[in-house]
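Residue numbers (this note's numbering): 2 to 281. All C-beta atoms in this analysis are idealised placements derived from N, C-alpha and C, irrespective of residue type, glycine included. Predicted model, so just to flag it, every value in this text is computed and none were measured. This report concerns only the one structure given below.
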Amino acid sequence: MLAILVAVIAVPTVSAAGSCDVPASNPPGMTQYYEEHSLEDGDFWGWGFGGWNDIRPLRSDFSVDMTISNDSANAVRMELIPGYQYTFCIIMSPDPSDNPEMGAIGDVYLMNDINWDRYSMSYENREWEDLEGMVESIPVEWRDTLVWLPYRDVHAYEGVSNHVFSVAIDSTGSAWSSVGWFDSSETQYFLVIDGWDNERFSDRGAAGGTINVEVLIDVEERTTLPNFIAYILISALPIACIIGPLVIHSRYMKMGLSDKDDSREMPYLDNESDQGSADD
């Protein structure tokens, strides 16, 4: 039971409800912890291959305002790390100068840097005919290697105007990276506000205008056990089932093999001849 509890604690937290208690203005130097990106900034080769500035691990609250043009998307790049819970509050509103025909409704995705590269490539190829049909023709077991996916396959919130969700990163690398035995790469995460018709079948599609977006990110420190502890506790039961019988069998086989002789008292019975000798 304890092993199961620890394993559950080590799993990254996913929540669809919460609130963001974020200051009205960002503290000085906060731009070192995040960076804004837009699909309209340039071609695909300028987005994900060496064109990023270095950012620091995110440990403080911040907010950012973005403008999503029609048939485009913006993203906030961050370095999320274990030991913290991140709550994202997204608020969309129509731009008075270019009121969206479909309303201030869009799609929200959280993805890592690898999937952001695939997402950017799919935007570059959005003019291809029947892009969704091409994705549907790919076998399901191969899609995760060819198409972009939201983080943990669950952080996709489509057709929303306001949304709040939380996530906690369990590890930046392998299960043993928290011990310091193995190095782990710094994974970048992108909070994407989508305003175009991507290849997902359930997405909202283009808004037909400009959407103003306010993003609030609330960061709270949380206590978690290292992942390797859960592995150790889970493996303790089968190991005990193997070692226990061996110990019992070994002690059983050693019984009676001691070289020490135990002294024993034997009962002595008198007979008639002994009694006659005693009378004489």
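Tell me the residue span of the beta strand (DSSP E) that contains Arg119. As a working mapping, residue 119 is identified with position 118 in the sequence shown. Premise fails: Arg119 lies in the alpha helix (DSSP H), 114 to 125, not in any beta strand (DSSP E).
Would you report the Cα separation of Ala176 and Asp154, rounded to the nearest angstrom? As a working mapping, residue 176 is identified with position 175 in the sequence shown. As a working mapping, residue 154 is identified with position 153 in the sequence shown. Confidence in Ala176 is poor, its pLDDT being 45 and thus under 50, which makes the residue's placement unreliable; the coordinate value appears in the next sentence. Cα to Cα, the separation comes out at about 20 Å.
List the residues that DSSP assigns as beta-bridge partners of Glu36. Mapped onto the sequence shown, residue 36 falls at position 35. According to DSSP, which records beta bridges pairwise, Glu36 is partnered with Arg78.
To the nearest whole angstrom, what separates the beta carbons of Met103 and Gly209, a pair I think is in contact under 8 Å? By one-based count along the sequence shown, residue 103 stands at place 102. By one-based count along the sequence shown, residue 209 stands at place 208. The Cβ separation is near 5 Å, so the contact holds.
When you compare the region 64 to 80 with the region 95 to 109, are there three or more beta-carbon pairs, one atom per stretch, that lie closer than 8 Å? yes
Ile218: CB within 7 Å of a non-hydrogen atom of the ligand ATP: Although the ligand ATP was asked about, the structure shown includes no ligands whatsoever.
In whole angstroms, what is the alpha-carbon distance linking Gly196 and Trp143? Mapped onto the sequence shown, residue 196 falls at position 195. Mapped onto the sequence shown, residue 143 falls at position 142. If I take the Cα positions, the gap works out to 27 Å.
So, is Tyr110 buried or exposed, given that buried needs 16 or more other C-beta atoms within 10 angstroms? For the purposes of this step, residue 110 is taken as the residue at position 109 of the sequence shown. So Tyr110 ends up on the buried side.
Using only alpha-carbon positions, find the residue among Ile115, Asp62, Ile194, Leu147 that is nearest to Gly160. Taking the first residue of the sequence shown as position 1, residue 160 is located at position 159. Comparing Cα positions, the closest option is Ile194.
Residues sharing a beta bridge with Leu192, DSSP: Residue numbering aside, residue 192 sits at position 191 when the sequence shown is read from its first letter. Paired residue(s): Val77, Leu111.
Return the bridge partner residues of Met256 from the DSSP annotation. One-based indexing of the sequence shown puts residue 256 at position 255. Answer is none; Met256 lacks a bridge partner.
So what does DSSP say about Met2, is it helix, strand or coil? In the sequence shown, counting from the first residue as 1, residue 2 sits at position 1. Since pLDDT at Met2 reaches only 45, below the 50 mark, its modelled position is unreliable, and the value read off the structure follows with that caveat. Note: Met2 maps to coil in three-state DSSP.
Applying the criterion that 16 or more other CB atoms from any shown protein chain within 10 Å of the CB defines a buried residue, is Phe202 buried or exposed? Translated into positions along the sequence shown, residue 202 becomes position 201. The residue in question, Phe202, is exposed, as its Cβ has fewer than 16 Cβ neighbours within 10 Å.
Nearest-angstrom beta carbon gap, Phe191 and Met112 [assumed within contact, 8 Å]: Position 111 of the sequence shown, counting from 1, holds the residue named residue 112. Position 190 of the sequence shown, counting from 1, holds the residue named residue 191. The pair is a contact, with the Cβ atoms about 5 Å apart (cut-off 8 Å).
Mind checking Glu80: buried by the 16 CB within 10 Å criterion, or exposed? For the purposes of this step, residue 80 is taken as residue 79 along the sequence shown, with counting starting at 1. Buried: at least 16 other Cβ atoms inside 10 Å.
Counting only C-beta atoms, is Glu221 closer than 8 Å to chain C at any point? Absent from the structure is chain C; it holds one protein chain and no more.
Suppose you measure from the CA of His164 to the CA of Ser236; what does that come to, to the nearest Å? Within the sequence shown, the letter at position 163 stands for residue 164. Within the sequence shown, the letter at position 235 stands for residue 236. Each residue's Cα considered, the two are about 40 Å apart.
Excluding the five sequence neighbours on either side, which residues of its own chain have a C-beta within less than 6 Å of the C-beta of Val23, listed in chain order? Locating residue 23 in the sequence shown gives position 22, where the first residue counts as 1. Excluding positions up to five away in sequence, the list reads Asp62, Ser64, Leu217, Asp219.
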